[in-house]
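Residue numbers (my numbering), protein chains in the order written: chain S, 38 to 455; chain Z, 5 to 177.
And the structure:
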């Protein structure tokens, strides 16, 4: 959809579209990588540089995030022959991707460096299990954690579920509506040769899978995988010399949060998520609104997280999330497809990176599906979305990524085709 | 003094520097539920913190609070992550709105106190009890005794209270 006239805003207009994502790369999505996060990370970084058409030594800034389950930037930089003018490794999981892109823009704007690589490397299946099982589940419990883990309230699913339950109670959302998130993302994944799970699922499959913790069935939960992902951000004027059509960054909101950050359940409504606050930063910064967005990447750690964020960022009215995600709007071929790669529920778990990578490829009109590559080297998209087919969104111009850390904290980003 | 204890096979500890949690659990050990009441704005808060979330005052006084309220939301765990809980599934983690200070300082706020659903003597509830509980159930506080200086506040059905005819539960049993 064409962009509307600028309305207003908190980001100085000159920053809109001034920076772009020019390279994206990932490893294979695996279970049992049989390598270190250092090896995974450098693999993804090399792929991202090659994708941008730059040398790895052109990278002079590096950002990463982890929960102490990765390898810091200096080791990655050494392995790819990059001398850095700036780097920062921070703690964080979901919602970090968009926030770090915002930081990358800030440090380049401040003149600290010129080309930033952001990576997330993790053995989320074979080392530090994302679901919290293994060593993490048996760690001693101290201090503030006595108010959560001592009650068997520890994993992401367990911690988020009171939000999901209260939402269903408040709005009458039905389990079969929520299950459609998995159904739709699995359809998308079936057209993604990289996806760890390519099987298409039905609503019955989701509802008959075993309960992990109510209201979450096994198939409401994302996959745990080993992988690394990387993206390269630089100024848009440099981007024009690179290999691909740049994905211009319109606006960002980073780790915006609900009140009572020590325990967000103390304030309410508890079924409201961080997006309620973040939307008022994201849309003015980007100069567009939900109606201008052609495709979304709404973080799907669980089926519910996509639904709640789409709702509180304003893609539908309050309480209508269940209808929105089960209406066909979010499906390839629908008005506004969500997570066209299959997302965390199917493609692989990356703490948000793969949904940004997917939207960058979508904006290039170069989704890496099974469509044939023509004599010009470009994919000849068929727009036939049946199983094993195309997953390119037709004539896509503007995307939104909606990142989730927990019900309290979110980051988001709007990009447009350069 | 720091506290080291063992609960269901899980090591629990409170560092000697963590004065807020030491005080909170010392009261709990006497089956006396107390929260910090801000000396400046007068609001109670949960869980223990070093400053008032509403007015930022560092001054507060431990104050007895009645352990009664209503289930605001819950999670019912069927697949335990922590080894300690594997023998106790399904178990419930309840988020309970205390009657005290409900709707203050704004209408969507409450002292929402976490705890498991337990029997009146503080043991994790059996499955038939779990099935009776949902949003709206009236509960009262009991304690699980862990060590001399450490008890965990928990929730059990309030037999004396008027209960909703059907508390709201997730539609699929």
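Ideal placement from N, C-alpha and C gives every residue a C-beta, glycine not left out.
| Check | Outcome |
| --- | --- |
| With a CB to CB cut of under 6 Å and the five nearest residues on each side skipped, what residues in its chain are close to residue 13/Z? | 88 |
| Do residue 205/S and residue 301/S have their C-beta atoms within less than 9 Å of each other? | no |
| Could you say if the segment 88-100 of chain S and the segment 265-285 of chain S meet the contact criterion of at least three C-beta pairs nearer than 8 Å? | yes |
| Starting from the C-beta of residue 456/S, find all residues in its chain whose C-beta is less than 6 Å away, skip the five residues before and the five after it, and write them out in chain order. | Summary: the structure shown does not reach residue 456/S, with chain S confined to residues 38 through 455, and so no result is reported for it. |
| Check the C-beta distance from residue 439/S over to residue 305/S and give it rounded, since I have them as a contact under 8 Å. | With 8 Å as the limit, residue 439/S and residue 305/S do not qualify as a contact, their Cβ atoms being about 21 Å apart. |
| Among 55/S, 411/S, 117/S, whose alpha-carbon lies nearest the alpha-carbon of residue 80/S? | 117/S |
| Is residue 94/S helix, strand or coil when you go by DSSP? | helix |
| Would you give the residue range spanned by the beta strand (DSSP E) that residue 332/S belongs to? | 332-335 |
| Beta carbons nearer than 7 Å to chain S: which residues of the segment 106-129 of chain Z have them? | 112, 113, 116, 118, 119, 120 |
| Output, in sequence order along the chain, the residues in the segment 299-330 of chain S whose CB is closer than 7 Å to any CB in chain Z. | 299, 300, 302, 303, 304, 305, 306, 307 |
| Since residue 423/S meets chain Z, which of its residues come closer than 8 Å, beta carbon to beta carbon? | What residue 423/S touches in chain Z: nothing, since even the nearest Cβ is about 31 Å away. |
| Where does the unbroken beta strand (DSSP E) through residue 41/Z begin, and where does it stop? | 38-42 |
| Under three-state DSSP, which class holds residue 33/Z? | helix |
| So for residue 20/Z, helix, strand or coil by DSSP? | coil |
| Scan the segment 211-282 of chain S and note each continuous alpha helix (DSSP H) run of 4 residues or more that stays entirely inside, going in chain order. | 212-226, 240-245, 273-276 |
| Would you identify the three-state DSSP class for residue 77/Z, choosing helix, strand or coil? | strand |
| Which residues bound the alpha helix (DSSP H) around residue 198/S? | 193-208 |
| State buried or exposed for residue 453/S, treating a residue as buried only when at least 16 other CB atoms are found within 10 Å of its CB. | buried |
| Starting from the C-beta of residue 165/S, find all residues in its chain whose C-beta is less than 6 Å away, skip the five residues before and the five after it, and write them out in chain order. | 106 |
| What span of residues does the alpha helix (DSSP H) with residue 320/S cover, start to end? | 312-323 |
| Return the residue from the list 137/Z, 91/Z, 177/Z, 158/Z that minimises the CA-CA distance to residue 170/Z. | 137/Z |
| Starting from residue 35/S and walking both ways along the alpha helix (DSSP H), at which residues does that stretch end? | It is not possible to answer for residue 35/S, since the shown part of chain S is limited to 38 through 455. |
| Could you tell me the distance, in whole angstroms, from the CA atom of residue 44/S to the CA atom of residue 67/Z? | The pLDDT assigned to residue 44/S is 46, lower than 50, so where the model puts this residue is not dependable; a value taken from the coordinates is nonetheless given after this. Whole-angstrom Cα-Cα distance: 52 Å. |
| Pick helix, strand or coil for residue 291/S, following the three-state DSSP scheme. | strand |
| For the alpha helix (DSSP H) holding residue 139/S, just list the boundary residues, first then last. | 133-146 |
| Please name the residue or residues paired with residue 144/Z in a DSSP beta bridge. | 72/Z, 160/Z |
| Would you call the segment 49-60 of chain Z and the segment 218-236 of chain S touching, i.e. three or more CB-CB distances under 8 Å? | no |
| Following the continuous alpha helix (DSSP H) through residue 112/S, name the residue where it begins and the one where it ends. | 110-116 |
| Look up residue 15/Z in the DSSP assignment and say whether it is helix, strand or coil. | strand |
| Using the three-state DSSP reduction, which class does residue 403/S fall into: helix, strand or coil? | coil |
| Rounded to whole angstroms, what is the Cα-Cα separation between residue 56/S and residue 140/S? | 12 Å |
| Measure the beta-carbon distance from residue 442/S to residue 169/S and round it to whole angstroms, keeping in mind my assumption that it falls under 8 Å. | Not quite, the Cβ-Cβ distance comes to about 15 Å (not below 8 Å), so this is no contact. |
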